[in-house]
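Each remark here refers to the structure printed beneath this line.
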Amino acid sequence: MINITFPDGNVKQYEAGVSSIDIAKSISHGLAKNVLSAKVNGEVWDATRPIEEDAALSLLTWNDDDGKNTFWHSSAHLMAEALEAIYPGTKFGIGPAIENGFYYDIDLGDRVLSTEDFKKIEDKIIELARQKNDFERKEISKADAIAYFEEKGDEYKLELLDGLTDGEITFYQQGNFVDLCRGPHIPNTEKIKAIKLMKVGGAYWRGDEKRKQLTRIYGITFPKQKELTAYLELLEEAKKRDHRKLGAELELFMFSDRVGQGLPIWLPKGNALRDRLMAFLKEEQEKRGYKLVTTPHIGKKDLYVTSGHYEKYGEDSFQPIHTPREGEEFLLKPMNCPHHCEIYAHKPHSYKDLPLRIAEFGTVYRYEQSGELHGLSRVRGFTQDDAHIFCTNDQLKEEFLNVLDLTKLVMTKMGFEQVTAQISLRDPENPSKYIGSLENWEKAERAIIEATKEVDLETVTALGEAAFYGPKLDFMVKDALGRSWQLGTIQVDYNLPERFELEYIGADNQAHRPVMIHRAPFGSMERFMSILIEHTAGKFPLWLTPEQFAILPISDKFNDYAEEVEKALAKHDIKGVIDNRSEKIGRKIRDTELKKIPFMLIIGEKEVESKMVAVRKQGEGDKGVMSVEDFAAYFKTLL
RNA sequence: GCUGGUAUAGCAUAACAGGAAGUGCACUCGAUUUGUAAUCGAGAGAUUAUCGGUUCGAAUCCGAUUACCAGCUCCA
Numbered sequence: 054m055i056n057i058t059f060p061d062g063n064v065k066q067y068e069a070g071v072s073s074i075d076i077a078k079s080i081s082h083g084l085a086k087n088v089l090s091a092k093v094n095g096e097v098w099d100a101t102r103p104i105e106e107d108a109a110l111s112l113l114t115w116n117d118d119d120g121k122n123t124f125w126h127s128s129a130h131l132m133a134e135a136l137e138a139i140y141p142g143t144k145f146g147i148g149p150a151i152e153n154g155f156y157y158d159i160d161l162g163d164r165v166l167s168t169e170d171f172k173k174i175e176d177k178i179i180e181l182a183r184q185k186n187d188f189e190r191k192e193i194s195k196a197d198a199i200a201y202f203e204e205k206g207d208e209y210k211l212e213l214l215d216g217l218t219d220g221e222i223t224f225y226q227q228g229n230f231v232d233l234c235r236g237p238h239i240p241n242t243e244k245i246k247a248i249k250l251m252k253v254g255g256a257y258w259r260g261d262e263k264r265k266q267l268t269r270i271y272g273i274t275f276p277k278q279k280e281l282t283a284y285l286e287l288l289e290e291a292k293k294r295d296h297r298k299l300g301a302e303l304e305l306f307m308f309s310d311r312v313g314q315g316l317p318i319w320l321p322k323g324n325a326l327r328d329r330l331m332a333f334l335k336e337e338q339e340k341r342g343y344k345l346v347t348t349p350h351i352g353k354k355d356l357y358v359t360s361g362h363y364e365k366y367g368e369d370s371f372q373p374i375h376t377p378r379e380g381e382e383f384l385l386k387p388m389n390c391p392h393h394c395e396i397y398a399h400k401p402h403s404y405k406d407l408p409l410r411i412a413e414f415g416t417v418y419r420y421e422q423s424g425e426l427h428g429l430s431r432v433r434g435f436t437q438d439d440a441h442i443f444c445t446n447d448q449l450k451e452e453f454l455n456v457l458d459l460t461k462l463v464m465t466k467m468g469f470e471q472v473t474a475q476i477s478l479r480d481p482e483n484p485s486k487y488i489g490s491l492e493n494w495e496k497a498e499r500a501i502i503e504a505t506k507e508v509d510l511e512t513v514t515a516l517g518e519a520a521f522y523g524p525k526l527d528f529m530v531k532d533a534l535g536r537s538w539q540l541g542t543i544q545v546d547y548n549l550p551e552r553f554e555l556e557y558i559g560a561d562n563q564a565h566r567p568v569m570i571h572r573a574p575f576g577s578m579e580r581f582m583s584i585l586i587e588h589t590a591g592k593f594p595l596w597l598t599p600e601q602f603a604i605l606p607i608s609d610k611f612n613d614y615a616e617e618v619e620k621a622l623a624k625h626d627i628k629g630v631i632d633n634r635s636e637k638i639g640r641k642i643r644d645t646e647l648k649k650i651p652f653m654l655i656i657g658e659k660e661v662e663s664k665m666v667a668v669r670k671q672g673e674g675d676k677g678v679m680s681v682e683d684f685a686a687y688f689k690t691l692l
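Final position of the first sequence in my numbering is 692; the numbers increase by one with none missing.
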């Protein structure tokens, strides 16, 4: 008998050789039906694989990421089986599960695959799934494995075998298809009920552009048809919300070929939105003791040689600007921190001055690879809501709390309800990779961990993900469609104070080196706004939206009253527009709805006479007639 | 940056297979003065991304450039 420990700590005894699926059956039939694979002592195994010794076990289903991975990886095998059936002689590279589904890299010889071929492949996959074949695991000797793929003529699998040693090689078979694979797999193909091939593209063998280009087919599968439908609807919705599309439709921003790739141009409405975001953050920062500064867009090359950025990125970024003066070179600033370090250094500091919090909406320029540019989310010129906090090691935790509080406020105010964070710590195995004393690192890491606990922030910890200059914390939010985005960061930096030789005089009358915190709650205005546009589908929170209402007169006769109403609302700091076209009211309503302006104030004869407005809310409809003052009061309750 | 695809008026698109660049929305003008998601009519708007080539003839075929899209690689 062996002891099986469950995730809740319960221990139960089973016969040695029992499989996870057997164990699941002993718990409940329903669970057994849903088990895709199992985590055995931290390793993901086939649910059918015998367990011979005491183990910690968690059963994995569709609700676990690892369960999904198993499902999708098995789906990749099933797709391979279908491809082999339809295109005999296909050679196979690798076929892993990815975030949403799976792909398989294949070599079809001269054949070119297009989306028109998808239907027949999908049909074949479903046909094979319905054969209800088991996925069978076989341990195999290297010699036998090589013999098998030599016979089959698959040089890619042979190359993969090259890197493996005897004893760790396994084959998996379902139906007629055998693949070299570490596993694990789902018990049977019947679980795969719905398949959609998403796209086909090229990918180099082993990601090496000097090697052969293979055909990569992406697909996704589900245990229920309904889930596939829901997924496709989600993609459809995401397409509708694409910030590039909405940004053009709502006239928020544009790009121009003449201005240059990756250089966003903010139009009046987008800029109004941007301004309101910045005003909000400025006010909150002021409350928290930040000092606002402005620094130039360029700086002498020496500045970035000192900061170390030139050495690391100089060659790959915008090249130096030359002046009439021989040898003089300036760089577009890729970061605000060197300028801020100079601000710190311009006068001596006492420990009593610290922490010093220097903030700037600083526009920076980075030469991103052309293929990387994407709407507002990846650009070559962008504005960071940047700040640098210079403090002592003992103040780190307090400052972290201050920043965490601010960032959480920003996220909730923007309507992001699910905020988590990743704490990136040093790799304990490799202490020499990092600058700064061990003692300070420990202090800083402890400060981050404790601070996140105190503000009750859900975190994951990533060892070895810290920058060489300090540990960091990245915020992630989930948007309205359930997609995760990385937003602002907080980074501790021991490097720049060193390079700029920053000092303060301590209580002991000795010079000490301050520590620096970089932080940006939004990250960059551009990227943040791309996420906000998609999160809200262009229906921005009332306090942010560039046009808060539209006054729609029923006929030209009431345009004067419309102006009166507009002025009255302006006094309440509520801003909007008047649609005074000679159009029918239905038309004005339709156009305003499409512009996603939150309130429509419809005025006709009745309203003029009684000095009222008929209020209609975007997406909701008629809200009844009220006085302008009552509307203003109602509006304010919604802010 | 690499691989593949795309580029027609402000936007969305049509033009069989190389043979007169069309439509809808937006815009301008006129009529209409409208009560909760599109009033009617007229007009104007194009060097078919740019440059070069093939051809009697190019939006259409070829090459280069630029931009965009997807994927790969990257991200201080």
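Positions of the beta carbon are idealized from the N, C-alpha and C atoms, including for glycine. All values derive from a computational prediction rather than experimental measurement.
In the three-state scheme derived from DSSP, where H, G and I count as helix and E and B as strand, P391 is classed as helix. W258 carries a helical assignment under DSSP once its states are collapsed to helix, strand and coil. Shown here, E507 sits in a helix according to DSSP, grouped into three states.
Secondary structure of Y284 (DSSP, three-state): helix. Fully contained in the region 58-99 are the following alpha helix (DSSP H) runs of length 4 or more, in chain order: 73-80, 82-87. Between E498 and V346, the alpha-carbon positions lie close to 29 Å from each other.
In the three-state reduction of the DSSP assignment, G424 falls in the helix class. Here DSSP, grouped into helix, strand and coil, assigns W125 to helix.
Under DSSP, A133 takes part in no beta bridge, so it has no partner. A straight line joining the alpha-carbon of E175 with that of Y157 spans about 14 Å.
Between G95 and T58, the alpha-carbon positions lie close to 12 Å from each other. K210 is the residue among A150, K210, G255, A520 whose C-alpha sits nearest the C-alpha of L233. Bridge partners of R431 according to DSSP: H427. In summary, N562 is exposed, with fewer than 16 beta-carbon neighbours lying within 10 Å of its beta-carbon over all protein chains present. Note on T465: under 16 other CB atoms within 10 angstroms of its CB, so exposed under the neighbour-count rule. The beta carbon of S635 is closer than 7 Å to those of D609 in its chain, skipping five residues each way along the sequence.
F333 sits in a helix when the DSSP states are folded into three classes. Check the Cα spacing between K293 and each of E660, K65, F553, L534: the tightest is with L534. By the CB criterion at 8 Å, V93 and L113 fall outside the cutoff. One alpha carbon belongs to Q437, the other to K386, and they sit about 12 Å apart.
Three or more Cβ pairs closer than 8 Å define a contact, and the region 363-372 falls short of that threshold against the region 541-558. Linking P574 to R433 through their CA atoms gives a straight-line distance of about 20 Å.
If you compare the alpha carbons of I442, R640, C394, E600 with that of A623, the shortest gap goes to E600.
By alpha-carbon distance to V666, the top candidate from G657, S128, E673, E646 is G657. According to DSSP, residue pairing for E105 in a beta bridge does not occur. The Cβ neighbour count for D207, taken over all protein chains shown within 10 Å, is at least 16; the residue is labelled buried. Annotation: M653 to A686 spans about 16 Å, alpha carbon to alpha carbon.
Per the coordinates, the alpha-carbon of A85 lies some 38 Å from the alpha-carbon of H588.
The alpha-carbon separation between G629 and T690 amounts to approximately 18 Å. When secondary structure is reduced to three states using DSSP, S608 falls in the coil class, being assigned neither helix nor strand. Around T473, the same chain offers E511, M529 as residues with beta carbons nearer than 6 Å, after the five sequence neighbours per side are excluded. F593 carries a coil assignment under DSSP once its states are collapsed to helix, strand and coil. For the set I199, L250, I193, the Cα lying nearest the Cα of I222 is the one of I193.
The C-alpha of N548 lies about 32 Å from the C-alpha of R327. For the 8 Å CB-CB criterion, E134 and G236 do not form a contact. When the Cα atoms are used, P391 and N483 turn out to be separated by approximately 28 Å.
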